[in-house]
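Reviewing the structure listed below.
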Amino acid sequence: MIEYYIKYKESGFSAKEKADYNNAKREFRAKKRLNIKLKRDRSLKNLSGLFKVDKISFWKKIKSMSNKEQLIDIDIADIREDYIKQFNERISRNSPNEQKNNMTLKNFLSFFENRVMDYSLNSEVIKEIIENLPNGKSIGIGGVSYEMLKYSSND
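Mapping to the UniProt record's numbering: the sequence shown position 24 is 24, numbers consecutive.
Written out as structure tokens, the structure reads:
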């Protein structure tokens, strides 16, 4: 955090350096709060003591803690609403290109809104594309690798 402040001060208090400095402060405070919480957590202290003194008692305690039924007092509707908000609302950034990006998006949507896409997909074309996928590439968001696609087909 101190390094970011020095960079911020040396840059003549530029906006970019200020953002970096604020992010560093935010991360530092979050880490500090987490450390304080962990320090105050007595069950964690007890587990730490058991681990150092008696490993068998430690594992018994871990097992009993995992078998305890936990009560969650949050309404399902609230959880659903939070998930919908997290995954559907756009994170607003006040960037200089925000208006330009919004206009580009609106133009694209209005252009393709009532347009009929008359492109037909042939199963042979799709099969050929899948067969020609390269090996050794990392998986995507869905967790499916090219190899899974290539070698899962029967024909």
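Cβ atoms here follow ideal geometry from the backbone N, Cα and C, with glycine treated the same way.
Since this is a predicted model, take the numbers as computed values, not measurements.
Using a Cβ-Cβ cut-off of 7 Å (strictly less than) and excluding sequence neighbours within five positions of N135, which residues of its own chain qualify? Y146, E147
How many Å lie between E69 and K127 at the Cα? 49 Å
In chain order, which continuous runs of the alpha helix (DSSP H) of length 4 or greater are located wholly inside the stretch 5-29? none
Which residues in the same chain as F28 place their Cβ atom closer than 8 Å to its Cβ, once the five residues preceding and following it in sequence are excluded? M1
Is N46 helix, strand or coil by DSSP? helix
Does DSSP put E113 in a helix, a strand or coil? coil
For the alpha helix (DSSP H) containing K61, list its first residue and its last residue. 55-67
For the alpha helix (DSSP H) containing M1, list its first residue and its last residue. M1 -> no alpha helix (DSSP H), and no H or E assigned at all.
Could you have a look at K137 and say whether DSSP puts it in helix, strand or coil? coil
Y83: buried (16+ other C-beta within 10 angstroms of its C-beta) or exposed? exposed
Can you check whether the CB of Y21 is closer than 9 Å to the CB of K7? yes
Counting only the same chain and skipping the five closest in sequence on each side, list residues whose C-beta sits under 6 Å from that of L149. I130
Does the distance from the C-beta atom of M65 to that of S43 stay below 9 Å? yes
Rounded to whole angstroms, what is the Cα-Cα separation between A19 and K137? 35 Å
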